[in-house]
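First the structure, in the form of structure tokens, and then the observations on it.
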Amino acid sequence: MSGRRRYGTVKAGNFVEVTVRPMEIDDIPQILPIENCSFPSPWSYQAFCNELKNKFAVYFVALIEGRVIGYAGMWLFSGEAHVTTIAVDPAYRGRGLGRLLMSTLMEYARVQGADTMVLEVRPSNVAALNLYRSLGFRQIGLRKNYYIETREDAVVMLRNLQQETFQKE
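Below is the structure:
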């Protein structure tokens with residue numbers, strides 16, 4: 002997936018254009034600092050490489066002037082999209098980039114024939130919970146002690162993808 006097709010744009014800060022495109026292996030060195038400050042058990046370089054080689058996986062990056070400021074990924078299989086990760090550089094949070102990345106995943110999955118999208122999120126991640134709810138996700142369950150490093154539960158959320166298209170702004 003080395004194409005340069007633009008999947009979406011959003012204005013951030015001083016009306017800077019953010020481009021979303023498929024993730025490439027060359028993006029990983031810029032992704033790792035975001036990963037490391039976003040998660041208690043961050044993925045390694047090799048984990049991202051493995052995901053990019055996985056035939057079920059699809060990953061996107063958000064960039065400003067060629068610099069990665071966020072990323073998101075999912076697995077597509079059996080008519081379902083399963084969000085595996087999403088993170089935004091702390092300096093760019095709260096500017097609509099998470100919404101842009103999620104909308105990109107949702108629209109891509111819908112076009113690929115997925116009927117639903119599922120994800121897990123920490124109950125303590127209020128910003129993410131609010132984002133997902135605003136995008137039409139609803140809680141369908143709770144996975145006890147899901148996050149090994151903190152023994153925190155995971156809220157399981159689901160969204161029907163065949164309802165409508167998704168706005169990126």
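Per this note's numbering, the very first residue in the sequence shown carries number 2; after that it's consecutive. We put the beta carbon where it would ideally sit given N, CA and C, even for glycine. Note that the structure is predicted; figures quoted are calculated from it, not measured.
Beta carbon of residue i nearer than 8 Å to that of residue j
i    : j    : result
T117 : P41  : no
E52  : Y60  : yes
V173 : L143 : Since the first residue of the chain shown is 2 and the last is 170, residue 173 is not available in this structure.
F98  : A129 : In the sequence under discussion, the amino acid at residue 98 is Leu, which differs from the Phe named in the question. No. Outside cutoff.
T85  : W76  : yes
L33  : A110 : no
I29  : D90  : no
A88  : S39  : yes
L101 : V21  : yes
Endpoints, the alpha helix (DSSP H) within which residue i is located
i    : result
T105 : L98 to V112
As assigned by DSSP and simplified to three states, the class of residue i
i    : result
V51  : The sequence shown places Asn at residue 51, rather than the Val named in the question. Of the three classes helix, strand and coil, the one that applies to N51 here is helix, per DSSP.
P41  : coil
E66  : coil
P23  : strand
E36  : helix
L162 : coil
Counterpart residues of residue i in DSSP-defined beta bridges
i    : result
I87  : A73
G142 : V157
F57  : Paired residue(s): none; F57 is not in a bridge.
Y148 : E153
A82  : L77 and M118
Unbroken beta strand (DSSP E) run spanning residue i, endpoints
i    : result
R134 : Where R134 is concerned, there is no enclosing beta strand (DSSP E), although the alpha helix (DSSP H) it sits in stretches over V127 to S135.
E121 : T117 to V122
Can we say the stretch 104-120 touches the stretch 71-84, given the rule of at least three CB pairs closer than 8 Å?
yes
Does the stretch 104-113 touch the stretch 43-56, meaning 3 or more C-beta pairs lie closer than 8 Å?
no
Are the stretch 120-127 and the stretch 58-72 touching by the rule of at least three beta carbon pairs closer than 8 Å?
By the Cβ criterion, the stretch 120-127 is not in contact with the stretch 58-72, since fewer than three pairs of Cβ atoms, one from each stretch, lie closer than 8 Å.
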